[in-house]
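Enquirer:
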Amino acid sequence: MNRRTFLGSSAVLAAASLLAYKGNALAQAMGTDPDPAPIGLKTVEAIYKSSNGNVVAMDSLLYIYDKSITVNDVVIAGSYCGAANLPHAIKTGVKAMIAHNAGIGKDDAGIGALYLGEKHDFPVAAVECLSASISNGRSMAAGIISHANAQALALGVKPGQNVTEAAKLLLAAHAGNPSDVAVPFDKKVFERDKVGSSRIYASSALTNLLPEDDHSNDVIAWGAHSGSIAADLVKKWKVKGWIGNDAGMAKNHTGIGGLPACNAIGVAAAAVSSMSARIGDGVSTYEDGIISAANDLARQKGVREGMKAAEALRLLAA
């Protein structure tokens with residue numbers, strides 16, 4: 455399936471998924487529907503077990519390397535469904551991946567893993583932005599499918615389905631083939647500017663910085679979402695400030711859940727609109743991003759909604 459055909463079907467799929475909302479859907483869309491507790495840091499949870507493999511939920515794809523996960527399993531992750539995240543699934547060799555559509559966003563980057571998955575014969579589905587919370591695997595499991603690639607569609611996945619039910623269908627996929635090279639990670643880090651002794655970086659993810667290097671006086675524009683996991687990562691990859699993607703805000707504004715969490719650890723943080731910058735692309739965050747939210751510490755430095763990310767980063771670096 456070529457990109458143009460898929461884009462055409464995507465519009466239909468998204469519309470169908472919205473029509474499928476029932477019951478508590480309005481509360482979900484308004485961000486007032488209560489969520490189950492997240493699964494937890496570096497923890498995974500098998501929410502369905504069968505002789506054909508397990509459906510395993512996690513708050514982040516960073517936890518997919520848990521030793522309990524096998525090539526027969528399907529993963530549901532509270533990460534965005536962008537191309538930059540597909541390497542995690544390919545590297546571990548799971549059967550299929552379901553992740554958050556992050557509002558789809560600029561250039562359809564929020565569902566980029568669907569297109570890339572098709573090239574590698576790998577089933578991928580995405581979850582409707584307002585039906586599930588970022589950084590919460592249990593919320594994701596209760597969400598609604600918005601998009602599926604050709605391989606997932608062939609297994610019966612379709613828009614409007616409950617995510618867990620869709621994941622069960624994906625267990626019919628062939629066992630994975632773990633590969634470190636089939637879909638390489640984008641590990642590039644770019645130094646884009648400097649304010650005094652503070653350097654301004656752009657990269658697909660904070661974790662591309664070497665944790666043994668001292669970046670405590672630096673700031674970074676990353677491509678990943680701005681959910682609550684960001685605060686956990688900043689404790690290891692210490693930076694002075696950061697700007698990520700708001701992932702379409704997501705259910706209960708969890709797409710920017712890392713902003714208030716970083717107030718508590720003294721880190722200034724902001725997010726750019728998913729429609730202004732390609733999620734997963736730190737250079738796009740830096741060059742194209744428009745601020746959509748900022749925490750208290752960033753506001754104290756002058757960061758405001760509507761500001762260009764490059765300008766905001768200079769304020770954070772000062």
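If you want my numbering, it's the position in the sequence shown, counting the first as 1, plus 454.
Don't be surprised by glycine CBs; every beta carbon is placed ideally from N, CA and C.
Bear in mind that the values here come from a model prediction, so they are computed numbers and not experimental data.
Where Asp562 and Gly507 are concerned, what is the direct C-alpha to C-alpha distance, given to the nearest angstrom?
Expert: So the alpha carbons of these two residues sit roughly 31 angstroms apart.
Enquirer: CB Val510 to CB His554, shorter than 8 angstroms?
Expert: It is not a contact, given that the beta carbons lie outside the stated cut-off.
Enquirer: Taking the straight line between their C-alpha atoms, what separation do you get for Val643 and Trp676?
Expert: About 10 angstroms.
Enquirer: Would you list the residues sitting across from Lys648 in a DSSP beta bridge?
Expert: Lys648 pairs with Arg653.
Enquirer: Closer than 8 angstroms by C-beta to Ala537: which residues in its own chain qualify, once you throw out the five before and the five after it? Chain order, please.
Expert: Counting only Cβ-Cβ distances below 8 angstroms, and skipping sequence neighbours, we find Ala563, Gly566, Ala567, Tyr569, Leu570 and Gly734.
Enquirer: Pop quiz: Met512 and Ala543 are said to be a contact at Cβ under 8 angstroms. What is the actual Cβ separation, rounded to whole angstroms?
Expert: That belief does not hold up - the Cβ atoms of Met512 and Ala543 are roughly 12 angstroms apart, past 8 angstroms.
Enquirer: Tell me where the alpha helix (DSSP H) around Lys690 begins and ends.
Expert: Unbroken alpha helix (DSSP H) run through Lys690: Ile683 to Lys690.
Enquirer: What does DSSP give as the partner residues of Tyr534 in its beta bridges?
Expert: According to DSSP, Tyr534 bridges with His554.
Enquirer: If you reduce the DSSP assignment to three classes, tell me which class Ser680 lands in.
Expert: In this structure, Ser680 counts as coil in the three-state DSSP scheme.
Enquirer: Is it the case that the Cβ atoms of Pro613 and Ser593 are separated by a distance below 8 angstroms?
Expert: Not a contact, by the Cβ cut-off of 8 angstroms.
Enquirer: On the three-pair Cβ rule with 8 angstroms, is the segment 734-754 touching the segment 703-713?
Expert: At 8 angstroms Cβ cutoff, the stretches touch.
Enquirer: What are the start and end residues of the alpha helix (DSSP H) that includes Asn717?
Expert: Residues Gly712 to Asn717.
Enquirer: Identify every residue that forms a DSSP beta bridge with Gly564.
Expert: None; Gly564 has no bridge partner.
Enquirer: Residues bridged to His601 by DSSP?
Expert: Ala580.
Enquirer: So, with DSSP's three-state summary, where would you put Tyr519?
Expert: Reduced to three states, the DSSP call for Tyr519 is coil.
Enquirer: Identify, in the order they occur along the chain, each residue of the same chain with its Cβ nearer than 7 angstroms to the Cβ of Ala595, setting aside the five sequence neighbours on each side.
Expert: Within the same chain, Ala595 has close Cβ partners Ile501, Ala511, Ile530, Val617 and Thr618.
Enquirer: Using 8 angstroms for Cβ pairs, my map puts Ser670 next to Lys694. What's the rounded Cβ distance?
Expert: Contact holds; Cβ gap of about 6 angstroms.
Enquirer: If you pair each beta-carbon of the segment 748-765 with each one of the segment 714-724, do three or more pairs fall below 8 angstroms?
Expert: The segment 748-765 is in contact with the segment 714-724.
Enquirer: In the DSSP assignment, find the unbroken alpha helix (DSSP H) run with Ala621 in it and report its ends.
Expert: It spans Val617 to Leu624 - the alpha helix (DSSP H) in which Ala621 sits, taken as one unbroken run.
Enquirer: Output the boundary residues of the alpha helix (DSSP H) element that contains Val737.
Expert: First-last of the alpha helix (DSSP H) with Val737: Gly736 to Asp742.
Enquirer: Using C-beta distances below 6 angstroms, list every residue in its chain close to Gly743, excluding the 5 sequence neighbours before and after it, in chain order.
Expert: Cβ within range, chain order: Val726, Ser730, Ala731 and Ala763.
Enquirer: Which first and last residues belong to the alpha helix (DSSP H) in which Lys545 is found?
Expert: Leu540 to Thr546 is the extent of the alpha helix (DSSP H) around Lys545.
Enquirer: Val498 and Leu624: beta carbons closer than 8 angstroms?
Expert: Not in contact: Val498 and Leu624 (Cβ atoms no closer than 8 angstroms).
Enquirer: Would you grab the beta carbon distance between Ser658 and Asp647 for me? Rounded to a whole angstrom, and I think it's under 8 angstroms.
Expert: That belief does not hold up - the Cβ atoms of Ser658 and Asp647 are roughly 18 angstroms apart, past 8 angstroms.
Enquirer: Helix, strand or coil for Ala465, going by three-state DSSP, please let me know.
Expert: Bear in mind that the predicted position of Ala465 carries a pLDDT of just 33, short of 50, making it too unreliable to give a figure here.
Enquirer: Report all residues from its chain with a CB closer than 6 angstroms to the CB of Leu515; omit the five preceding and five following residues, and keep chain order.
Expert: Answer for Leu515: Ala531, Ser533, Asn539 and His542, listed in chain order.
Enquirer: Mark Ser680 as exposed unless 16 or more other C-beta atoms lie within 10 angstroms of its C-beta, in which case mark it buried.
Expert: Label assigned to Ser680: buried.
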